[in-house]
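Below is one structure; the comments refer to it alone.
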Amino acid sequence: MPSAKTQPARGMRDFLPVDVRKREYVIGVIKSVYERYGFEPLETPAVENIETLMGKYGEEGNQLIFKILKRGEHEKTGEADLALRYDLTVPLARVVGQYQNELPKFFKRYQIQPVWRADRPARGRFREFYQCDVDVLGSRSMVVEAELIAAASDALVALGFNDFVIRVNHRQVLIGLGDRAGIRHDHIEPALTTIDKLDKIGVEGVEKELSARIGPTSTTKLVDFFRELASLDQAADIASEEASAMKEKALNAAILGRLVEFVGDHEKGSRGVEDLRSIIELSEGTSAARRIRLDPSLARGLSYYTGAIIEINVSDLTGSLGGGGRYDNLVGMFLGKDVPACGFSLGLERIIVVMSEREMFPPELISSPADVMVTIWNEDSIAESIALATELRREGLRVDLYPEADKMGKQFKYASSRGIPFVLILGDDERAHGELAIKNMKSGEQIRLPFELLKTSPQRNVQHADDQTVKSKRNIEALLKWLRNGSKAGEAGDSIKPGA
RNA sequence: GCGGCUAUAGUUCAGUUGGUUAGAACGCCUGACUGUGGAUCAGGAGGUCGUCGGUUCAAGUCCGACUAGCCGCCCCA
44 MPSAKTQPAR GMRDFLPVDV RKREYVIGVI KSVYERYGFE PLETPAVENI ETLMGKYGEE
104 GNQLIFKILK RGEHEKTGEA DLALRYDLTV PLARVVGQYQ NELPKFFKRY QIQPVWRADR
164 PARGRFREFY QCDVDVLGSR SMVVEAELIA AASDALVALG FNDFVIRVNH RQVLIGLGDR
224 AGIRHDHIEP ALTTIDKLDK IGVEGVEKEL SARIGPTSTT KLVDFFRELA SLDQAADIAS
284 EEASAMKEKA LNAAILGRLV EFVGDHEKGS RGVEDLRSII ELSEGTSAAR RIRLDPSLAR
344 GLSYYTGAII EINVSDLTGS LGGGGRYDNL VGMFLGKDVP ACGFSLGLER IIVVMSEREM
404 FPPELISSPA DVMVTIWNED SIAESIALAT ELRREGLRVD LYPEADKMGK QFKYASSRGI
464 PFVLILGDDE RAHGELAIKN MKSGEQIRLP FELLKTSPQR NVQHADDQTV KSKRNIEALL
524 KWLRNGSKAG EAGDSIKPGA
């Protein structure tokens, strides 16, 4: 039989148990932080009607949407009527349009689900990937921005990150900058994507590219502005090497000052600058305070942003760990009436890439399929092993039962290879004495404990007499105690988690 | 979508100017060990050299296309 290709489709991945454990761990941490901020869970279908998605992400986005051909007789035409969702924000806007009257005045939701983009795969970039979104609908207050930034920051801190930078900018400020520099309106978009590359290609690179796109006069004005910002940064570096918190604060203040100067009385632009000022002030008491960094060169590709835009970066990742912003007009595209909204999305895959490379995952996460493994001595003792496993499971332990009456060596080797810290043996000798042998796989220590349960038949075990229950309980307790103490002695046992 | 690099055992990699039967380490399996993993020793299995085509008496080696991966560009979580 010819073997079919076993790789998953390009840009898609299988998740083996270790991978799933990592993912569930990260998702669990993020979820609990989000809930701590009062966000509620939402889920939406993988597939949306194609017109729901088209035209929401800009030119580039449209091309990256995975489209689903019409079924049946229309199949040949190549026409698509459905598509896989490209992000979680547009589906949210649709949901708000649909259930407006059933949702609270301020709808705070989180959503952790996969999205699909027909992008070219790269490090930390896949065609199917999870986003961890939080959004607040119904308020124009900058308190929302501050809360979202704080939540994302808390989540990353809870995962063990300490070196991320939260870059913040504002679409209206960008428009103000463009107008003041005299850029034609249809040139603003390309100018922004060029400016966004500032940290990558440097001022000279930007100057060159801008000049080609928008002409020399506007370019000079803009580039001079960003040159000045860069010199502010350097000055701050020299001024306060030690107190980085102070540096950030001073630098943000200086950038705000320059923005006010440059934008002047430009209506949209100056309002945007005030928004930025509010966000920084409101974030003062949060975990994000000393990580926020105003960055007038931040643009972000998605076309639906209208106000603040936010991105979180770490130095060892080219892309971002997450991003978001305000999109006050998106819901209006579904509802006919604008609902203010702002959201942020953490990229699960990128978080995992960085955490894996930095070895930030708790060690017991990597391999701890079970707390203890019960061996099977021979065909005749299978029932006793099952009874023992059952009893321990009832106590909340994660118990692996070796499925075959293999040689002991094989069973031990198996337990060892899976990193299971304790192995239980019910051999002829143990059973003859009503005992049970426990081996600590880390230390090699092995002891025996009396075990009344073994004297009862498996059938009766389910509903054994009261005194036997008591004895059995006592023995289980002794066993659990040993497992726990053993776990303190050997490092392996950190993964022992008796039922809570 | 564009440019560069890479593809040999489960894994990491050797493999000479093209030349018989493609190697190592680690891992895996079996045994020494008829009640015990990790250590040691002995043995064993495992490769259509990414795929297809071309050059040649002869291709893992040279050429082309395709596929997958890595790095840049573009874009993004």
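The numbering of the first sequence is the numbering used here, which starts it at 44 and goes up by one. We put the beta carbon where it would ideally sit given N, CA and C, even for glycine. The model shown is predicted, which means the values in this text are computed figures rather than measured ones.
- Message: Assuming Asn-212 is part of the beta strand (DSSP E), what are its boundary residues?
- Response: Locating residue 212 in the first sequence gives position 169, counting from the first residue. Run containing Asn-212: 208-213, per the beta strand (DSSP E) assignment.
- Taking just the CA atoms, how far does Lys-482 sit from Lys-465? Stepping through the first sequence from its first residue, residue 465 is reached at position 422. Stepping through the first sequence from its first residue, residue 482 is reached at position 439. Inspection of the sequence shows that residue 465 is occupied by Phe rather than by Lys. Approximately 6 Å between the Cα atoms of the pair.
- Message: I'd like to check one pair, Leu-479 with Glu-488: are the Cβ atoms closer than 8 Å?
- Response: As a position in the first sequence, residue 488 is number 445, starting the count at 1. As a position in the first sequence, residue 479 is number 436, starting the count at 1. No.
- Query: By Cβ distance, which residues of its chain are closer than 6 Å to Ala-136, with the 5 residues on each side in sequence left out?
  - Reply: Position 93 of the first sequence, counted from the start, is the residue given in the question as residue 136. Apart from the 5 residues on each side of it in sequence, Ala-136 sits with its Cβ closer than 6 Å to the Cβ of Leu-373, Val-374 and Phe-377 in its chain, given in chain order.
- Query: Excluding five sequence neighbours on each side, which residues of the same chain lie with their C-beta closer than 7 Å to the C-beta of Tyr-80?
  - Reply: Taking the first residue of the first sequence as position 1, residue 80 is located at position 37. Excluding sequence neighbours, Tyr-80 sits near Glu-190 and Ala-194.
- Item | Reduced DSSP secondary structure (H/G/I, E/B, other) of Tyr-347 | Taking the first sequence and counting its residues from 1, the one referred to as residue 347 is at position 304. In this structure, Tyr-347 counts as coil in the three-state DSSP scheme.
- Query: Which of helix, strand or coil does DSSP assign to Pro-60?
  - Reply: Taking the first residue of the first sequence as 1, we reach residue 60 at position 17. In the three-state reduction of the DSSP assignment, Pro-60 falls in the helix class.
- Item | Within 8 Å, strictly: CB atoms of Ile-395 and Ala-198 | By one-based count along the first sequence, residue 395 stands at place 352. By one-based count along the first sequence, residue 198 stands at place 155. No.
- What does Lys-573 pair with, by DSSP beta-bridge criteria? The shown model of the chain, from 44 to 543, leaves out residue 573, and the question about it has no answer.
- Answer yes or no: do Pro-339 and Val-179 have a C-beta to C-beta separation smaller than 8 Å? Counting from one through the first sequence, the residue named residue 339 turns up at place 296. Counting from one through the first sequence, the residue named residue 179 turns up at place 136. Contact flag unset, no.
- Message: Judging by CA-CA distance, which residue of Val-246, Ile-192 and Lys-110 is the nearest neighbour of Cys-385?
- Response: In the first sequence, residue 385 corresponds to position 342, counting from 1. Residue Ile-192 is the option with its Cα nearest to Cys-385.
- Can you tell me the Cα-Cα spacing of Arg-170 and Asp-471, whole angstroms? Indexing the first sequence from 1 puts residue 170 at position 127. Indexing the first sequence from 1 puts residue 471 at position 428. So the alpha carbons of these two residues sit roughly 56 Å apart.
- Taking Cβ to Cβ, would you say Gly-219 is nearer than 8 Å to Lys-311? Here the question's residue 219 lines up with position 176 in the first sequence. Here the question's residue 311 lines up with position 268 in the first sequence. Yes, they are a contact pair.
- Three-state secondary structure (DSSP) at Ile-192? Within the first sequence, numbered from 1, the residue matching residue 192 stands at position 149. Helix.
- Start and end of the alpha helix (DSSP H) containing Gly-386? Walking along the first sequence from the start, residue 386 turns up at place 343. Gly-386 -> not in any alpha helix (DSSP H); beta strand (DSSP E) instead, spanning 384-390.
- Closest to Thr-260 by CA distance: which of Gly-221, Leu-235 and Ile-244 is it? In the first sequence, residue 260 corresponds to position 217, counting from 1. Of the listed residues, the one whose Cα sits closest to Thr-260 is Gly-221.
- For Arg-320 versus Glu-291, is the C-beta spacing smaller than 8 Å? Taking the first residue of the first sequence as position 1, residue 320 is located at position 277. Taking the first residue of the first sequence as position 1, residue 291 is located at position 248. Not in contact: Arg-320 and Glu-291 (Cβ atoms no closer than 8 Å).
- Return the first residue and the last residue of the alpha helix (DSSP H) that Glu-422 is part of. Position 379 of the first sequence holds residue 422. First-last for Glu-422: undefined, no H or E at that position.
- If you draw a straight line from the C-alpha of Asp-162 to the C-alpha of Ala-52, how long is it? For the purposes of this step, residue 162 is taken as residue 119 along the first sequence, with counting starting at 1. For the purposes of this step, residue 52 is taken as residue 9 along the first sequence, with counting starting at 1. Using only the alpha carbons, I get a separation of about 13 Å.
- Query: Where does Ala-52 sit, in a helix, a strand or coil, going by DSSP?
  - Reply: Locating residue 52 in the first sequence gives position 9, where the first residue counts as 1. The three-state reading of DSSP puts Ala-52 in coil, since its state is none of H, G, I, E or B.
- Could you tell me which uninterrupted beta strand (DSSP E) segments, each at least 3 residues in length, are contained entirely in the stretch 432-466, listed from first to last along the chain? The DSSP assignment places complete beta strand (DSSP E) segments of no fewer than 3 residues inside the stretch 432-466 at 442-444, in order along the chain.
- Rounded to whole angstroms, how far is the Cβ of Val-131 from the Cβ of Gln-106, which I believe are closer than 8 Å? Along the first sequence, read from residue 1 onward, the residue named residue 131 stands at position 88. Along the first sequence, read from residue 1 onward, the residue named residue 106 stands at position 63. Correcting the residue identity first, residue 131 is Leu in this sequence and not Val. Taking a contact as a CB-CB distance under 8 Å, the pair Leu-131 and Gln-106 does not count as one, their CB atoms being some 20 Å apart.
- Message: Measuring only the C-alpha atoms, how far is Asp-308 from Val-208?
- Response: The count along the first sequence starts at 1 and reaches residue 308 at position 265. The count along the first sequence starts at 1 and reaches residue 208 at position 165. Spanning the two alpha carbons is a distance of roughly 30 Å.
- Cβ-Cβ distance between Leu-272 and Arg-301 below 8 Å: Looking up residue 272 in the first sequence gives position 229. Looking up residue 301 in the first sequence gives position 258. Remark: C-beta atoms of Leu-272 and Arg-301 approach each other more closely than 8 Å.
- Measure the C-alpha to C-alpha separation of Val-306 and Ser-313 and round it to an integer number of angstroms. One-based indexing of the first sequence puts residue 306 at position 263. One-based indexing of the first sequence puts residue 313 at position 270. So the alpha carbons of these two residues sit roughly 6 Å apart.
- From which residue to which residue does the alpha helix (DSSP H) around Glu-310 run? Start at 1 with the first residue of the first sequence, and residue 310 comes out as number 267. For Glu-310, the enclosing alpha helix (DSSP H) stretches over residues 310-325.
- Query: Does DSSP classify Asn-372 as helix, strand or coil?
  - Reply: The residue labelled residue 372 in the question sits at position 329 within the first sequence. Asn-372 falls in the coil class under three-state DSSP.
- Answer yes or no: do Phe-172 and Glu-438 have a C-beta to C-beta separation smaller than 8 Å? Taking the first residue of the first sequence as position 1, residue 172 is located at position 129. Taking the first residue of the first sequence as position 1, residue 438 is located at position 395. Contact check for Phe-172 against Glu-438 fails: the beta carbons are separated by 8 Å or more.
- Message: Buried or exposed for Ile-322, going by 16 or more other Cβ atoms inside 10 Å?
- Response: For the purposes of this step, residue 322 is taken as residue 279 along the first sequence, with counting starting at 1. Within 10 angstroms of the beta-carbon of Ile-322 lie 16 or more other beta-carbons, which makes it buried.
- For Leu-378, three-class secondary structure by DSSP: Locating residue 378 in the first sequence gives position 335, where the first residue counts as 1. If DSSP states are grouped into helix, strand and coil, Leu-378 belongs with the helices.
- Message: Taking the alpha-carbon of Ser-460 as reference, which of Arg-64, Glu-447, Ala-413 and Leu-265 has the nearest alpha-carbon?
- Response: Here residue 460 corresponds to residue number 417 of the first sequence, with the count starting at 1. Measuring from the Cα of Ser-460, the nearest candidate turns out to be Ala-413.
- Please name the residue, chosen from Ala-234, Tyr-370, Gly-71 and Pro-60, that lies closest to Leu-202 on a Cα-to-Cα basis. Here the question's residue 202 lines up with position 159 in the first sequence. Closest in C-alpha terms to Leu-202, from the list Ala-234, Tyr-370, Gly-71 and Pro-60, comes Gly-71.
- Please check the pair Pro-383 and Gly-140, which I expect to be a contact at CB under 8 Å, by giving their CB distance rounded to whole angstroms. For the purposes of this step, residue 383 is identified with residue 340 of the first sequence, where counting begins at 1. For the purposes of this step, residue 140 is identified with residue 97 of the first sequence, where counting begins at 1. Taking 8 Å as the upper bound for CB-CB distance, Pro-383 and Gly-140 are not in contact here, some 14 Å apart.
- Task: Would you please state the rounded distance, in angstroms, between the beta carbons of Lys-264 and Gly-225? I believe it to be under 8 Å.
- Result: Looking up residue 264 in the first sequence gives position 221. Looking up residue 225 in the first sequence gives position 182. Yes, Lys-264 and Gly-225 are in contact; Cβ-Cβ is about 7 Å, under 8 Å.
- For Lys-148, does the three-state DSSP call read helix, strand or coil? If you number the first sequence from 1, residue 148 lands on position 105. Three-state result, Lys-148: coil.
- Task: Would you mind reading off the limits of the beta strand (DSSP E) that contains Ala-126?
- Result: Here residue 126 refers to the residue found at position 83 of the first sequence. Unbroken beta strand (DSSP E) run through Ala-126: 123-127.
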